[in-house]
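Chemist:
Protein chains in written order, with UniProt numbering: chain P, 1 to 284; chain E, 1 to 284; chain B, 1 to 284; chain A, 1 to 284.
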């Protein structure tokens, strides 16, 4: 199967970036199979993502990175060049609800998520059998309300030793401590079960029911220290009516949550999500 | 063309309401062409709406109301029986933006909104020609920031003398004073250009842009004294991305706003919206 | 947990059906928790579905059926009264693709589908481990192209001995012979991976790709002898663009297919789908 | 207000196109404000669209075209460079139904459609007053069933003398003769009131009603000689149920039709729609 290099760039917008970068790729024989660009009119920042057929470039990713370095410096770029042969390592964190986990594991099995799932961590033991059936290590780390610090130290240790590139909170239901948020900034994805910024915090479906909204939603976002306030990656909604009880909202919500989280995770793994302050550029 | 009686009821839920009401209608020969019911599990309140082919009932609406009165008392009903031959009188209020007005006038012309449009009131004179082309009276009532009371007194007077059943704020952009809100409680519809409860108040599209949401929305609700907090009738959304400027959001938003408002107004005019505390039951 | 009786009726429309039926239920003390009705203007046929809290009726379902029989005869009703304590027995049929199966099994585990899954039948052995992990019997019945009759005889036998109320083709990819279609008429659900009637038959996503449509869809329908032409229960769509390859369409399609099939199966199991010629009335 | 050059290209895919074109633009000082590219994996064809801030290029469009010609020849490009200061001239054709016309005229007035509306042509006189209120010439050309040729000759003459770049059939309800289809190939947009390829031809909503579909749709496509078979630009759908009569489908359909047509027209006017055989690439 073909593999690809992905070149992802953000920098101050100015004349000639595309010409320079595309000439560089072409000059090394690189065939660009997908190209996305965005100029943000307000911040004056430029974003781009190239997908390059690796076999057309006669160089290792390391050599290509080195060759690109002077251009990156000249244009003051934040950038990364990744190689799809180096599969990302993902740690999933779950609580008791399995819908997002089942969905992500199906997609992973079906080849929709190009990554290794290094481990699943949970504050409960309920989902062990499901995870182990997929031959993935399962770590049960209880998080006692009265003293959470040791649990989170253990979790941080587990994430470290799993050599994780990315952590996905697939309905984890615990608030991560600031340390982890900072250490893995831009690499921890969460699914919030409301259409943020509505109904941040606890029990969003019950909040939505009380307000009498006609649509409920879910939001995939990067975790930051401020609860449910990080950069939004993806959102979607489901129509509800007066007929529906809070339990119906929870049930519909599960479908929205898993779909939104799966899109967010896939786009993250494919380097399609670029941070732009507290917002995202998503080259979906 | 056939006309209909509409019987709309809300009352404490208990055994036999449907049997009693449907037997009453049937006993008077009434053919029920549409029936909707809802039992609210939480509040224990029951809601129903019947559409009855008027010609099958050998009685005037007044006589039918009188005959129904004992049942209504027995079950402690809030209720109304309306006759579609008595067209509702609607006053539209607008500011400068015409999208909702153009849309409502088209639907009215096409027969989608069964009402008379008694008048259009605006704080600007911009839309006069459009309104008068439709042969509807246009009242220009400026609302000076420094003293709004006389303007609102004049507006209340105009609504009164138009003999209005219902007022539709089709992007009016002014906050109605509490007096009007109370006097026409449950009969003033507003379109808010956000997916409430997100981004209540001013400039919601700019708020949405800054937060980086991936969907924008609009909300049709009954106006209450508390700004943007009244019972929600209908909501919808439009997908946006990092590509879109605040102006694009405004443009997409226009489409959502007019669609959501049109549905809300139509349902209101057809007695499909029943109040339930600060929520609505919508038999759409 | 409460259980319910469900009374489902279709009959020629005439005066007094609702009054008669609701009085009957009320007369036996029955509390109606959900009521749906529909008069078809064109065919003159009437449809209704009542959900009745079983404990409020002091009778067995058998006794209630017997008491209702005279009313049913008088109004020439097709009808059924079911008891939610009698769980339906479902046989799932699959081929190699697991997305619908994984989704249905998740929903079944989560309590979204009120049924017993009696067995899974497949023409391949690929999904055995998944099914058996859920402690459901798995039958591998190869269907050789050159002589399918013995295989279908075995399948019919398996469905019989599983005492199945309903068969769900969860991407089975084989055409059932007319005998089974007739024997289980109105009880075999299929998911077709296109927005019918577009792209009936084989490889619908490739047909869609070649036609350059901007939306792809899926259709849940009852199986009849005519391929992909049975009564439609539910449909939904996913937006696509020129960017997407046939493989992308297949991937998006999986999400639509499983969502549409799950809704169809749930509604069928809850007696919400009433046949009306080659169409359906769905009290969703 | 700023104006833009738009460079739209399709050519056989090969190494270096983007580098060459972007270097050319940059070399002339051109600031690219929007860039879109697509490589079609199956046909090996490449598509691109650049939006360039005109003031940053020190050349007339004519001079820029001349300078670009050698590159175009080298890469065997089909291409166009347009200048947004040269507003397109559009002829609208309508019959009796006004919903698409009202919608397009509103959007045109609101600045959403960057064009001149040169004329409206209709086979009926019903919409004259509406059109003339917008100060647009209205031509009533009856098309008698027994001899349509003279009418279409007159129409072709009117389109010619209006100096039209593009013709929009906004529910025109007549089949254009092959001559006009060929002469204005890729420049005549139609709205078909079904989700093509379902229900091509006459009375699609009645066809949809009889088939019992759960979603209805509309399709904006370029007109070709084969009825309803031209390249699809945009599609959308609206959910329906057993409750809805053919008249309801027509009513919902109007909303979908006007939205889909408006998007198609806007994208066409902004050079976002590129033909690719009988399909389209839409850089929306």
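For every residue, glycine included, the Cβ atom is placed at its ideal position computed from N, Cα and C.
(1) Okay, do the stretch 95-104 of chain A and the stretch 248-266 of chain A touch, 3+ Cβ pairs below 8 angstroms being the bar?
(2) May I ask you to report which of helix, strand or coil DSSP gives residue 161/B?
(3) Tell me whether residue 1/E is buried or exposed, calling it buried when 16 or more other Cβ atoms sit within 10 Å of its Cβ.
(4) Considering only their Cβ atoms, is the gap separating residue 159/A from residue 136/A smaller than 8 angstroms?
(5) Taking the alpha carbon of residue 255/B as the reference point, which residue from 110/P, 33/P, 91/P, 6/P has its own alpha carbon closest?
(6) At 8 angstroms on the CB atoms, spell out the chain E contacts of residue 255/A, in chain order.
(7) Rounded to the nearest angstrom, what separates residue 39/P and residue 78/P at their Cα positions?
(8) When you compare only the Cα positions, how much space is there between residue 64/P and residue 276/A?
(9) Count Cβ pairs between the stretch 188-195 of chain P and the stretch 139-158 of chain P that sit closer than 8 angstroms; are there 3 or more?
(10) Can you confirm whether residue 8/A, when its beta carbon is compared against all beta carbons of chain B, has any partner nearer than 8 angstroms?
(11) Kindly say whether residue 98/P, judged by its beta-carbon, lies nearer than 8 angstroms to any beta-carbon of chain E.
(12) Got a sec: is the Cβ-Cβ distance from residue 234/P to anything in chain B below 8 angstroms?
(13) Compute the beta-carbon to beta-carbon distance between residue 271/P and residue 89/P, rounded to the nearest angstrom, for a pair I have assumed lies under 8 angstroms.
(14) Rounded to whole angstroms, what's the CA-CA distance from residue 124/P to residue 95/P? Just pull it up for me.
(15) Applying the criterion that 16 or more other CB atoms from any shown protein chain within 10 Å of the CB defines a buried residue, is residue 212/P buried or exposed?
(16) Look up residue 70/A in the DSSP assignment and say whether it is helix, strand or coil.
(17) Under three-state DSSP, which class holds residue 278/A?
(18) Between the stretch 67-82 of chain A and the stretch 18-34 of chain A, are three or more C-beta pairs nearer than 8 angstroms?
(19) If you measure beta-carbon to beta-carbon, which residues of the stretch 17-44 of chain E are closer than 8 angstroms to chain A?
(20) Tell me which residues share the same chain as residue 207/E and place their Cβ nearer than 6 angstroms to its Cβ, disregarding the 5 neighbours each side in the sequence.
(21) To the nearest angstrom, how far is it from the Cα of residue 57/B to the Cα of residue 232/E?
(22) Tell me, please, whether the CB atom of residue 190/E is closer than 8 angstroms to any CB atom in chain P?
(23) What runs of the alpha helix (DSSP H), each 4 residues or longer, lie entirely inside the UniProt domain "ACT" (6-89) of chain B?
(24) Indicate whether at least one CB of chain B lies closer than 8 angstroms to the CB of residue 64/E.
(25) Going by DSSP in three states, residue 170/A sits in which element: helix, strand or coil?
(26) Are the beta-carbon atoms of residue 87/A and residue 114/A separated by less than 8 angstroms?
(27) Hey, does residue 213/A have any beta-carbon neighbour from chain B nearer than 8 angstroms?
(28) Can you look up residue 229/A in the DSSP assignment and give me helix, strand or coil?
(29) Buried or exposed, going by whether 16 or more other CB atoms sit within 10 Å of the CB of residue 267/B?
(30) Candidates 242/E, 182/E, 238/E: which alpha carbon is nearest residue 209/E's?
(31) Are the beta-carbon atoms of residue 91/A and residue 162/A separated by less than 8 angstroms?
(32) Kindly indicate which three-state DSSP category residue 263/B falls into: helix, strand or coil?
(33) So which of 32/P, 3/P, 132/P, 150/P has the shortest CA-CA distance to residue 44/A?
(34) Find out if the Cβ-Cβ distance for the pair residue 257/P, residue 251/B is shorter than 8 angstroms.
(35) Under the assumption that residue 17/B contacts residue 46/B (Cβ atoms under 8 angstroms), give the Cβ distance between them as a whole number of angstroms.
(36) With DSSP run on the structure shown, which of helix, strand or coil describes residue 146/A?
Modeler: On the basis of the coordinates in this document:
(1) yes
(2) In the structure shown, residue 161/B sits in a helix (DSSP, three-state: H, G or I).
(3) exposed
(4) In terms of Cβ geometry, residue 136/A and residue 159/A do not form a close pair [threshold 8 angstroms].
(5) Nearest C-alpha to residue 255/B among 110/P, 33/P, 91/P, 6/P: 110/P.
(6) 259
(7) Their backbone Cα atoms lie some 15 angstroms apart in a straight line.
(8) Residue 64/P and residue 276/A: Cα-Cα distance of roughly 35 angstroms.
(9) no
(10) No, because no Cβ of chain B sits closer than 8 angstroms to the Cβ of residue 8/A.
(11) no
(12) no
(13) The Cβ separation is near 15 angstroms, so there is no contact.
(14) Whole-angstrom Cα-Cα distance: 6 angstroms.
(15) buried
(16) helix
(17) coil
(18) yes
(19) Residues: none.
(20) 199
(21) The alpha-carbon atoms of residue 57/B and residue 232/E are separated by roughly 37 angstroms.
(22) no
(23) 17-27, 61-74
(24) no
(25) coil
(26) yes
(27) yes
(28) Looking at residue 229/A - three-state DSSP - the assignment turns out to be coil, as it is neither helix nor strand.
(29) buried
(30) 242/E
(31) yes
(32) helix
(33) 32/P
(34) no
(35) In this structure residue 17/B is in contact with residue 46/B, their Cβ atoms being roughly 6 angstroms apart against a cut-off of 8 angstroms.
(36) It is coil, neither helix nor strand.
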